[in-house]
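One structure is given here, and the rest of the page talks about it.
Number of protein chains: 2
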Amino acid sequence: MNKVEIKKEIVLNVAQDIFAQYGLTKTMIDDIAKAAGVGKSSIYYYFKNKEDIFRAVIETQVQKVQEKIRASINAAPTPQEKLKAFVISRMKSFREVAHIYNHVFKDEYLKHYEYIQKIRKDYDQMELDLVASILSEGINSGVFKIQDPSLASFVIMVGIKGLEYEWATSTDIQKMEQDTEKLFEILFHGIMK
Amino acid sequence: MNKVEIKKEIVLNVAQDIFAQYGLTKTMIDDIAKAAGVGKSSIYYYFKNKEDIFRAVIETQVQKVQEKIRASINAAPTPQEKLKAFVISRMKSFREVAHIYNHVFKDEYLKHYEYIQKIRKDYDQMELDLVASILSEGINSGVFKIQDPSLASFVIMVGIKGLEYEWATSTDIQKMEQDTEKLFEILFHGIMK
DNA sequence: TAATATATCGAACAAATTGTTCGAAAAATT
DNA sequence: AATTTTTCGAACAATTTGTTCGATATATTA
Chain C
1 MNKVEIKKEI VLNVAQDIFA QYGLTKTMID DIAKAAGVGK SSIYYYFKNK
51 EDIFRAVIET QVQKVQEKIR ASINAAPTPQ EKLKAFVISR MKSFREVAHI
101 YNHVFKDEYL KHYEYIQKIR KDYDQMELDL VASILSEGIN SGVFKIQDPS
151 LASFVIMVGI KGLEYEWATS TDIQKMEQDT EKLFEILFHG IMK
Chain F
1001 MNKVEIKKEI VLNVAQDIFA QYGLTKTMID DIAKAAGVGK SSIYYYFKNK
1051 EDIFRAVIET QVQKVQEKIR ASINAAPTPQ EKLKAFVISR MKSFREVAHI
1101 YNHVFKDEYL KHYEYIQKIR KDYDQMELDL VASILSEGIN SGVFKIQDPS
1151 LASFVIMVGI KGLEYEWATS TDIQKMEQDT EKLFEILFHG IMK
């Protein structure tokens, strides 16, 4: 990582915190510049404009969430446990980025419809593929009996998203994991051979 | 409370939340108006300007903190327990208004030096008087041996403020109360007859 | 009901804010 | 020493936003 990339990283890190607290519109370039310890105009040496920084922050966040989820799935041995790992890891990661998540998907989603929508859509598709691949693996190894994996993963994702609100308001992670366990107990007995 | 006062109260309540989150400068009149469900210009029927709302919010907060502290002192039977009640109640109240407290006394204290300084000064004086009166009561009832109550209360207040940072960063209220207990154990044995 | 007072808001404006550009000056590299 | 890379102050343009004002709606009073 060369010098420019390091500086970019620094700016991105402070921008992440400030955006998380204030959102896109209420964050000023000078806020970021001051926090990063550089002049306001220097920011434009690294990024095209404010939205460019915001986009980079969001993309970094999304990528980190993806990586965490993938890692926890890979660490799980069986398809059943992979599914559980996916749900729990997703839940935890979302809680970690809850602040910026609120700004992106609630406060200001109207103004920046286009590219936020695209990021969201891409992310949703990636999750769908992930779940579908877990299900396929389960079918191949003979533990799941599913006719249409992509349909099943769609249903699973819809279910998870339906629980999002409940998870967002709860503070007891252990209880959430227990609830997830219960959910999957029912789900597994519906699809297991 | 008449209609105007009720509306003022509503505006003040939403303004409190928004100021707590964004601070004075980053809060827009329209944010408050939208949250209160009124037109932007209607706000000016109730308040002179933005700072007027901010000042009212701060004053309300300060007053509520004062009331809580006074109530808990009155509920305590002995001077020793009144002192303890003061410290613990103050600590808890400050934690409750921590968000707005940060904005008022950290982020923007330079811009609005004059009246924030005055509010702070008045509040400090009130606390000083409160502690002094508790000490006086203790002296009169013969449980405290103090030459100069106002000097002693000044020292106590300085001590409490010195602990503020530690309290602000800690999340374990029970531990904080235990620490306070220890502090007062020492203090009491120094001043008790 | 008519008349008066109270309450609300849209539109417009002035002032301030702030994202962005640009050229010059450091700092680093060749 | 020359050239390239990096940084930033100052200025500008565009936007934002606090505030005003007159008109309209709603409530009150006579």
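Residue numbers (my numbering), protein chains in the order written: chain C, 1 to 193; chain F, 1001 to 1193. All C-beta atoms in this analysis are idealised placements derived from N, C-alpha and C, irrespective of residue type, glycine included. This one's a predicted model, so the numbers in the text were calculated from it and none came from an experiment.
Beta-carbon gap between residue i and residue j smaller than 7 angstroms
i: residue 18 of chain C; j: residue 27 of chain C; result: yes
i: residue 84 of chain C; j: residue 154 of chain C; result: no
i: residue 1082 of chain F; j: residue 1134 of chain F; result: yes
i: residue 12 of chain C; j: residue 56 of chain C; result: yes
i: residue 143 of chain C; j: residue 77 of chain C; result: no
i: residue 180 of chain C; j: residue 87 of chain C; result: yes
i: residue 1157 of chain F; j: residue 1167 of chain F; result: no
i: residue 1099 of chain F; j: residue 1023 of chain F; result: no
i: residue 1014 of chain F; j: residue 1036 of chain F; result: yes
i: residue 141 of chain C; j: residue 149 of chain C; result: no
i: residue 1029 of chain F; j: residue 1008 of chain F; result: no
i: residue 1097 of chain F; j: residue 1061 of chain F; result: yes
Classification of residue i by the beta-carbon crowding that lies within 10 angstroms, buried from 16 upward
i: residue 1046 of chain F; result: buried
i: residue 109 of chain C; result: Summary for residue 109 of chain C: the model assigns pLDDT 47, below 50, so the residue's position carries little reliability; its value from the coordinates is reported in the next sentence. The residue is exposed, with fewer than 16 neighbouring Cβ atoms inside 10 Å.
i: residue 1073 of chain F; result: buried
i: residue 91 of chain C; result: buried
i: residue 1016 of chain F; result: buried
i: residue 4 of chain C; result: exposed
i: residue 173 of chain C; result: exposed
i: residue 178 of chain C; result: exposed
i: residue 1053 of chain F; result: buried
i: residue 125 of chain C; result: exposed
i: residue 151 of chain C; result: exposed
i: residue 138 of chain C; result: buried
i: residue 1020 of chain F; result: buried
i: residue 1127 of chain F; result: buried
i: residue 115 of chain C; result: exposed
i: residue 42 of chain C; result: exposed
i: residue 132 of chain C; result: buried
i: residue 1058 of chain F; result: buried
DSSP-derived helix/strand/coil call for residue i
i: residue 1 of chain C; result: coil
i: residue 47 of chain C; result: coil
i: residue 1097 of chain F; result: coil
i: residue 1077 of chain F; result: coil
i: residue 1180 of chain F; result: helix
i: residue 1172 of chain F; result: coil
Check: residue i C-beta below 6 angstroms from any heavy atom of the ligand HEM
i: residue 1007 of chain F; result: This structure simply doesn't include the ligand HEM, nor any ligand for that matter.
Exercise. Which whole runs of the beta strand (DSSP E) in the stretch 108-159 of chain C are 3 residues long or more, in chain order?
Worked result: none
Exercise. Which runs of the beta strand (DSSP E) spanning at least 3 residues fall entirely within the stretch 13-46 of chain C, listed in chain order?
Worked result: none
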